[in-house]
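See below for the structure under consideration.
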Amino acid sequence: MVKSPFAPRGAKSFLLEFTMSKILEVVQAPLNPNIPEIIPGDTVSVSVKIKEGDRERIQDFKGTIIAIRKKGLHETFTVRRIATNGIGVERTFLMRSPRIEKVVVERHGKVRRAKLFYLRERTGKKSTASTEVFISQT
Numbered sequence: 004m005v006k007s008p009f010a011p012r013g014a015k016s017f018l019l020e021f022t023m024s025k026i027l028e029v030v031q032a033p034l035n036p037n038i039p040e041i042i043p044g045d046t047v048s049v050s051v052k053i054k055e056g057d058r059e060r061i062q063d064f065k066g067t068i069i070a071i072r073k074k075g076l077h078e079t080f081t082v083r084r085i086a087t088n089g090i091g092v093e094r095t096f097l098m099r100s101p102r103i104e105k106v107v108v109e110r111h112g113k114v115r116r117a118k119l120f121y122l123r124e125r126t127g128k129k130s131t132a133s134t135e136v137f138i139s140q141t
């Protein structure tokens, strides 16, 4: 029997990888139903459950979505807001996280890029004005 240089390492390793992928599919967390369809440029309010000692409370994080990463089970979206004294704060949330109580889209932004990392260098009105409000005329 002639072995091809492009053949897989072996039947055992292929079987092991195949079964592991099937196990991961069964165990994977479902998408959080409280997250609507979001795109970069949207201004959102994310309500997150935070555990402090033995108590749990809900904290809102309002800001602009600057990036969405779609990578299978590890889908994330990054929200940026300007905190006190003009300091920018970014937070990355998992799409499948049960800690996210709800996501409310406050306004849709019309942007021409998938990643809005250029907003990191901007301050004041320039940081919000670049995500123009998309108003449909009816």
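Here the sequence shown is numbered in the numbering used here, starting from 4 and rising by one per residue.
Where is the CB? At the ideal position from N, CA and C, for every residue including glycine.
Opposing strand residues paired with residue i [DSSP bridges]
| i | result |
| --- | --- |
| S24 | DSSP, once it has assigned bridges, lists no residue as partnering S24. |
| R58 | E55 |
| D63 | S50 |
Unbroken beta strand (DSSP E) run spanning residue i, endpoints
| i | result |
| --- | --- |
| F80 | T79 to I85 |
| F96 | G91 to L97 |
| V108 | I103 to R110 |
Candidates the options, of which the one nearest residue i by Cα
| i | options | result |
| --- | --- | --- |
| V30 | R99, I42, V82 and Y121 | R99 |
| K74 | R83, L97 and F64 | L97 |
| I53 | P33, R110 and D63 | D63 |
| D45 | N37, I68 and P36 | I68 |
| A70 | F120, N37 and T126 | F120 |
| P101 | I41, R110, R83 and P33 | P33 |
| R125 | A117, E109, R84 and R115 | R84 |
| A117 | S24, K25 and I41 | I41 |
| S50 | T22, M23 and I103 | I103 |
| E78 | V114, T95 and T87 | T95 |
Environment of residue i [buried if 16+ CB atoms lie within 10 Å]
| i | result |
| --- | --- |
| T141 | The predicted model places T141 with a pLDDT of 49, which falls under 50 and marks its position as unreliable, so this point remains unresolved. |
| V107 | exposed |
| F80 | buried |
| L27 | exposed |
| P143 | The displayed coordinates of the chain run from 4 to 141. Any statement about residue 143 would go beyond what the structure contains. |
| L76 | exposed |
| P36 | exposed |
| G127 | exposed |
Under 8 Å: do the segment 53-63 and the segment 85-94 share three or more Cβ pairs, one atom per stretch?
no
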